[in-house]
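Trainee:
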Amino acid sequence: MSDSAHATNGSAAAVERDETNETTAADEAAVEGDTDATGEYTFDDLSVVMGTYNEEEAIATVLEDIDEVTDGKAEVVCVDGSSDRTPEIAREHGARVIEQEPQGYGVAVSEAILTPDRPVVVTTDCDDTYPMEALPEFLEEVNDGADVVSGDRLYHGAEAMPAFNRFGNHAFAALASLLMGERVHDTTTGMRAYRRDVVQDIGWTENTGLSAELLIRPLMRGYDVRERPIRYAERLGETKLDPIGGGAAIAKSIVTVCLEEQLRRF
Ligand SMILES: Nc1nc2c(ncn2[C@@H]2O[C@H](COP(=O)(O)OP(=O)(O)O)[C@@H](O)[C@H]2O)c(=O)[nH]1
Ligand SMILES: [Mg+2]
């Protein structure tokens, strides 16, 4: 894994893309081992947060995976708008559930990221598409100095993603890269780790486009943002995003947020 300088707020942003996504026993030992002595974050410092909207097919699997990978130590927060049994299943699995009228992805996820008191916050979707096995590696990157670790689904091809979405995601990444002047590869991924300070210190404005905003604003403010390849699996249950209307909203968010951040620099 390559090193990067820890960029301070206001300095040039560091975006890296690593070519490996292997989690080894050594990685897990590094995350779990001897943390009091080193002052590094452990799974006890981690909150995994998500919006949940009628995800009863997937939620048990997602929460069991988090439990298994983090040895039951990570806190889980679900901001839920479901009319099915999702919130009951979440509570049965020990998650903290915040009920909210369904108002879109970003309304749920912005509440979810601002809820935890723990210093490291990881977002995911509640659809079994994201690899919870990557949590140790994400935490290790934060311990290595990253402010944001962004799961790049497109590196490995994201074959489980519908072709239209995959094309759209490549286009969003190209657009954002052009407007930021920094190459990014996956702007709409749902799996990222953040230092809590980053999510608390920035004001979030977008709804469907929140995922792109969560990458673009920290990057353009000089935080240490690193993309790391992740595997992406087929979804359990139905998507909640309308590909055409949602795609247009995301493109609009990318343009708006990039322009706002460029103006903020002057
Ligand atoms: N609470 C809440 N969660 C939502 C809402 N819209 C989407 N979600 C959740 O946000 C996550 C992302 O949505 P998803 O359908 O997976 O979008 P996709 O990955 O683009 O297909 C999932 O866990 C959804 O259940 C909403 O209006 N309210
Ligand atoms: Mg999803």
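Note that our numbering has the sequence shown beginning at 36, numbered continuously upward. The beta-carbon is built from N, C-alpha and C at its ideal position, and this holds for glycine as well.
1) For the pair the segment 253 to 260 and the segment 134 to 149, tell me if three or more CB-CB distances fall below 8 Å.
2) Taking a cut-off of 6 Å, which residues have a beta-carbon closer than that to any heavy atom of ligand 1, in chain order?
3) If I follow the unbroken beta strand (DSSP E) through D119, where does it start and stop?
4) Check the DSSP bridge columns for P264 and list the partner residues they point to.
5) Among S117, A125, D115, E91, whose alpha-carbon lies nearest the alpha-carbon of L102?
6) Let me know if L98 comes out buried or exposed under the rule of 16 or more other beta-carbons within 10 Å of its beta-carbon.
7) Give the secondary structure of L271 by DSSP, where H, G and I count as helix, E and B as strand, and everything else as coil.
8) Would you please state the rounded distance, in angstroms, between the beta carbons of K275 and G244? I believe it to be under 8 Å.
9) Answer yes or no: do A95 and V157 have a C-beta to C-beta separation smaller than 9 Å?
10) Looking only at its own chain, which residues have a Cβ that is under 7 Å from the Cβ of T224, when we skip the five neighbours before and after it?
11) Taking just the CA atoms, how far does H220 sit from L170?
12) Provide the residue span of the beta strand (DSSP E) that contains A228, from first to last.
13) Indicate the three-state DSSP secondary structure (helix, strand or coil) for S37 in the structure shown.
14) Nearer than 8 Å: is that true of the beta carbon of T164 relative to any heavy atom of ligand 2?
15) Would you call the segment 71 to 80 and the segment 111 to 121 touching, i.e. three or more CB-CB distances under 8 Å?
16) Please say whether Y165 and M226 have beta carbons closer to each other than 9 Å?
Mentor: The relevant details are as follows:
1) no
2) M85, G86, T87, Y88, E90, V114, D115, G116, Q135, P137, Q138, G139, Y140, A143, D160, C161, D162, G225, T274, K275, L276
3) What you label residue 119 is simply residue 84 of the sequence shown in a count that begins at 1. From DSSP, D119 is part of no beta strand (DSSP E); its letter is neither H nor E.
4) Counted from its first residue, the sequence shown places residue 264 at position 229. Bridge partners of P264: D187.
5) The residue you call residue 102 lines up with position 67 of the sequence shown. Per the sequence shown, the amino acid found at residue 102 is Asp instead of Leu. For the residues S117, A125, D115, E91, the minimum Cα distance to D102 belongs to A125.
6) Residue numbering aside, residue 98 sits at position 63 when the sequence shown is read from its first letter. Buried: at least 16 other Cβ atoms inside 10 Å.
7) Taking the sequence shown and counting its residues from 1, the one referred to as residue 271 is at position 236. Three-state result, L271: coil.
8) Translated into the one-based positions of the sequence shown, residue 275 becomes position 240. Translated into the one-based positions of the sequence shown, residue 244 becomes position 209. With a Cβ gap of about 15 Å, K275 and G244 do not count as contacting.
9) Reading the sequence shown from its first residue, position 60 is the one you call residue 95. Reading the sequence shown from its first residue, position 122 is the one you call residue 157. Not in contact: A95 and V157 (Cβ atoms no closer than 9 Å).
10) Counting from 1 along the sequence shown, the entry for residue 224 is found at position 189. Excluding positions up to five away in sequence, the list reads S185, G186, D187, R188, S246.
11) Taking the sequence shown and counting its residues from 1, the one referred to as residue 170 is at position 135. Taking the sequence shown and counting its residues from 1, the one referred to as residue 220 is at position 185. Those two C-alpha atoms are separated by around 20 Å.
12) Within the sequence shown, residue 228 is the residue found at index 193, counting from 1. Its beta strand (DSSP E) spans residues 227 to 230.
13) Translated into positions along the sequence shown, residue 37 becomes position 2. The pLDDT assigned to S37 is 34, lower than 50, so where the model puts this residue is not dependable, and the model offers no usable value.
14) Here residue 164 refers to the residue found at position 129 of the sequence shown. Yes, since a heavy atom of ligand 2 falls inside the 8 Å radius drawn around the Cβ of T164.
15) no
16) The count along the sequence shown starts at 1 and reaches residue 226 at position 191. The count along the sequence shown starts at 1 and reaches residue 165 at position 130. Cβ atoms of M226 and Y165: closer than 9 Å.
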